[in-house]
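The structure appears below as structure tokens.
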Amino acid sequence: MQHSGMEFFRKAKSVRLKSRHDKYLTAHSDEETVIQDRSGSSKSVKWTVEFVEDVESVVRLKRCYGKYLHASDEEFLLGVTGRKVAQALPRKLDSSVEWEPIRDVMQVKLKTRYGNFLRANGGLPPWRNSITHDIPNRHHDWILWEVDVVEIRPESLPPEVSRSESLEEDEDFSSPAFNLRFPGHVLQSSASHEDSPRKSEGRLIYYYVADDDGNVDEAIEGPSFQFKGHGLEELTQKLEEETGLVDIIVCSRNIVTGKFYPLRLALPPNNATMNVVVIPASSRGYGLDWLMISCLLLQLLHDMIVTCKRTLRYMILLEQRIRINSYQIAEF
């Protein structure tokens with residue numbers, strides 16, 4: 001007997017879905033493909049939950065690109081049973097973008113109108129990290145998903161959406177958040193600006209993202225957001241969420257030399273506005289090169305000192321042995 005998994009979604013405004021491969025259901029930046037990815041911090045793993053009017057057992061999952069998780073009729077590979085799962089925005093919302101959650105202990109299966117299940121594939125390419133919908137003959141755990149609730153749905157907002165409507169819901173990534181626990185996962189919930197005192201709005205962060213060569217066009221005002229955290233680590237995590245990048249270095253510009261330097265100390269007091277530069281770890285720019293070269297030089301210097309100490313110790317021991325041998329030979 002199947003049990004509905006709607007309780008995982010009923011109070012959720014947005015969720016992340018984690019497969020048995022410890023990867024997240026991800027909307028690719030090409031705005032068409034759906035894949036698995038280990039990074040759970042980017043916006044592309046966050047799916048907005050929509051309900052269907054007069055149908056209590058299904059949900060729609062909508063991405064930041066405004067498209068829905070869509071069960072296609074197209075075969076994923078010619079001659080195999082799995083069918084494509086893609087991002088789509090049909091003119092009229094129909095059952096191809098509707099998924100029925102089926103509870104399986106503390107996980108869910110997501111069933112399509114065909115009776116197929118959303119499946120996270122493993123193995124070798126082209127299967128690896130792909131998403132299909134089918135009924136598996138083996139690897140039954142590949143259709144199981146953990147639901148991480150990212151935002152709680154405000155009770156004042158009606159959850160139902162008409163099947164004929166196409167919503168362009170604006171996602172508020174700057175609202176205050178608090179943490180909850182929901183089956184074993186950390187949850188975040190939005191709170192209204194009206195309920196938050198003015199002083200808790202935090203500081204304003206303007207940021208620029210350096211290109212592959214480390215260049216930044218500061219002639220154009222960069223994007224900004226309200227930051228309510230207090231430490232550099234929190235700011236780094238927030239910037240990774242805002243930019244969709246991982247392994248970033250948060251920098252500031254030296255007003256004298258004009259060069260970038262990585263932030264290492266506490267943030268300025270009194271929630272002062274900050275202008276920062278985000279440098280990806282893959283950047284070839286001068287700011288990042290300077291940091292990498294500095295680290296390499298320090299490591300090289302450390303290795304040289306250690307090697308010199310070992311060599312000196314060996315030479316001292318060798319000299320002592322030579323003296324002892326010379327003394328023994330002289331006595332003989």
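Going by UniProt numbering, the first residue of the sequence shown is number 1, and it counts up by one from there.
Even for Gly, the Cβ is constructed at its ideal location relative to N, Cα and C.
Endpoints, the alpha helix (DSSP H) within which residue i is located
| i | result |
| --- | --- |
| Gln2 | Here Gln2 belongs to no alpha helix (DSSP H), and DSSP marks it neither H nor E. |
Closest by C-alpha distance to residue i, when choosing among the options
| i | options | result |
| --- | --- | --- |
| Glu242 | Lys43, Leu17, Lys92 | Lys43 |
| Glu233 | Gly66, Asp213, Pro262, Ile220 | Pro262 |
| His140 | Val45, Phe8, Arg119 | Arg119 |
| Gly229 | Pro223, Gly222, Lys238 | Lys238 |
| Ala12 | Asn271, Glu50, Gly40 | Glu50 |
| Asp94 | Phe76, Lys109, Tyr68 | Tyr68 |
| residue 333 | Phe227, Asp211, Asp217, Asp212 | Look at the range of the chain in this structure, 1 to 332, and you will see that residue 333 is not part of it. |
| Arg38 | Ala281, Ile249, Leu245, Leu301 | Leu245 |
| Ser252 | Met304, Asn271, Val216 | Val216 |
| Glu74 | Tyr114, Glu201, Gly258 | Tyr114 |
| Met274 | Gly258, Ala281, Lys259, Val250 | Val250 |
| Glu201 | Asn271, Lys309, Ala210 | Asn271 |
| Arg153 | Arg10, Leu301, Arg323, Leu317 | Arg10 |
| Gly123 | Trp142, Lys109, Leu110, Val108 | Trp142 |
| Pro136 | Arg128, Asn121, Val150 | Asn121 |
| Ile279 | Asp213, Tyr24, Gly66 | Asp213 |
| Glu7 | Lys109, Gly40, Thr33 | Lys109 |
| Pro223 | Thr311, Tyr207, His3, Gln2 | Tyr207 |
| Leu235 | Pro268, Ala210, Glu151 | Pro268 |
| Leu77 | Pro125, Ile305, Arg138 | Pro125 |
| Glu32 | Leu25, Val209, Ala88 | Ala88 |
| Ala71 | Arg313, Arg91, Thr112, Ile102 | Thr112 |
| Thr48 | Gln36, Tyr65, Val34 | Tyr65 |
| Gly40 | Val209, Val150, Arg321, Asp30 | Val150 |
Endpoints, the beta strand (DSSP E) within which residue i is located
| i | result |
| --- | --- |
| residue 334 | Here the chain has residues from 1 to 332 only, and residue 334 is not among them. |
| Leu17 | 12 to 18 |
| Thr26 | 24 to 27 |
| Trp47 | 47 to 52 |
| Leu267 | Where Leu267 is concerned, there is no enclosing beta strand (DSSP E), given that its DSSP letter is neither H nor E. |
| Ile248 | 248 to 253 |
| Arg203 | 203 to 209 |
| Pro154 | Careful: Pro154 lies outside any beta strand (DSSP E) and carries neither H nor E. |
| Pro280 | 274 to 280 |
| Phe225 | 224 to 227 |
| His133 | 131 to 134 |
| Tyr261 | 260 to 262 |
Which residues DSSP lists as bridging residue i, in chain order
| i | result |
| --- | --- |
| Gln237 | BP columns for Gln237 are empty, so no partner. |
| Asp148 | Arg16 |
| Glu75 | Arg83 |
| Thr33 | Ala86 |
| Tyr68 | Lys62, Ala88 |
| Leu110 | Pro101 |
Three-state class that DSSP yields for residue i in the structure shown
| i | result |
| --- | --- |
| Leu124 | coil |
| Arg103 | strand |
| Pro118 | Note that residue 118 is Leu in the sequence shown, not Pro. In this structure, Leu118 counts as strand in the three-state DSSP scheme. |
| Val140 | Here residue 140 turns out to be His, not Val, going by the sequence shown. Of the three classes helix, strand and coil, the one that applies to His140 here is helix, per DSSP. |
| Ser41 | coil |
| Leu232 | helix |
| Thr243 | helix |
| Ile322 | helix |
| Asp170 | In this predicted model, Asp170 has a pLDDT of only 42, less than 50, meaning its place in the structure is not dependable; the value taken from the coordinates is given anyway. In the structure shown, Asp170 sits in coil (DSSP, three-state: anything other than H, G, I, E or B). |
| residue 391 | Examination of residue 391 is not possible in this model, given that the chain is present from 1 through 332 alone. |
| Leu312 | helix |
| Leu93 | coil |
| His302 | helix |
Distance cut-off 7 Å: residue i Cβ against heavy atoms of the ligand NAP
| i | result |
| --- | --- |
| Arg313 | Ligands are entirely absent from the displayed structure, and the ligand NAP is therefore not among its contents. |
Open item on the list: Counting beta carbon pairs with one atom in the segment 79 to 90 and one in the segment 116 to 136, are three or more of them shorter than 8 Å?
Closed with: Contact between the segment 116 to 136 and the segment 79 to 90 is present, because at least three Cβ pairs lie under 8 Å.
- [ ] Would you be able to state if there are at least three C-beta pairs under 8 Å between the segment 96 to 108 and the segment 56 to 72?
- [x] The segment 56 to 72 is in contact with the segment 96 to 108.
Open item on the list: With three or more C-beta pairs closer than 8 Å as the rule, is the segment 16 to 34 touching the segment 146 to 153?
Closed with: Note that the segment 146 to 153 touches the segment 16 to 34; at least 3 beta-carbon pairs, one per stretch, sit closer than 8 Å.
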